[in-house]
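Notes follow once the structure below has been shown.
Numbering (mature numbering (1 follows the signal peptide of the UniProt record, and there is no 0)), first residue to last: -23 to -1, 1 to 300.
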């Protein structure tokens, strides 16, 4: 007897589309089944054979984003310099990392090899429990011999101190007036950052009187501590000599002077604790700098019986600030 064969082609796509209620549903459903497999079912009276034919999708085009250039380093040559390199020379138009260990502190030179800018997203304090710090508190036994540091009155001044994670090569050292570096605004700025546990958005801009010297004429530091942006600008000079030339260090004769230490009359210097520090602390960081105090009309030094004294930094702990 001749076998009678019935063939039916069952399309999953058609079955799915049959459940759609309108043309839009059908169109959407058809799109959703593009990745489905189409099955062809062959049947007769005695057996059933199923063949699966996969529908291969074309791979989606993947866009490769254009590689971005680091505009920060544009026009500068990126170089690597050992943190303890004592050479005082710098490459012109160069940028290098002056952060100790994994820190990223970037220093930039101009076309004359002068160190003109240092930036860091975050200043991370030195950790003498996990880093090889010398007994002096420094990472290295000496600092780079930048031309000018041979002077008796100029220090090998770090732009970013060891205590703030900076190295000691020429890209982090400038000849800086000794008193300024050890007891003046430079030292005060470093202490503020240490006391705050670090800083963010740090930038130092260094200015020179000409293109020949490596001795800066002034510094400007901008940084953020405890949510407050601080801007410190000062000349590379001895602050004590400047104060003396302005008549700010001698005694001022007054019947109300509280002592012979050269402080101002008690109306502005005594033990008055009701002074409005916000009128002096112009950047609102909770600390009053010598510059802020002078700008507010106070004479130096500020002694420990002055209401401003608790808001200022006495680096040498002698009971006077700005002496």
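Idealized CB from N, CA, C, for every residue including glycine.
In the DSSP assignment, the residues bridged to residue 205 are 202. In the structure shown, the three-state DSSP call for residue 219 is helix. By the Cβ test, the stretch 79 to 96 is in contact with the stretch 143 to 157, since at least three Cβ pairs between them sit closer than 8 Å. Residue 289 sits in coil when the DSSP states are folded into three classes, being neither helix nor strand. Taking a C-beta distance under 8 Å as the contact criterion, residue 71 and residue 99 do not qualify as a contact pair.
By the neighbour-count criterion, in which a residue is buried when 16 or more other Cβ atoms sit within 10 angstroms of its Cβ, residue 50 is exposed.
A buried status is given to residue 163, since no fewer than 16 other beta-carbon atoms sit within 10 Å of its beta-carbon. The C-beta distance from residue 77 to residue 60 rounds to 6 Å, short enough to fall under 8 Å. Membership of residue 267 in the alpha helix (DSSP H) is indicated by the continuous run 267 to 272. In the three-state reduction of the DSSP assignment, residue 259 falls in the coil class, being assigned neither a helical nor a strand state.
The Cβ atoms of residue 299 and residue 220 lie closer than 8 Å to each other.
Under DSSP, residue 94 takes part in a beta bridge, and its partners are 85, 182. Scanning 80, 66, 156, 158 for the CA closest to the CA of residue 123 turns up 66. One thing to note: residue 56 has its Cβ within 8 Å of the Cβ of residue 68.
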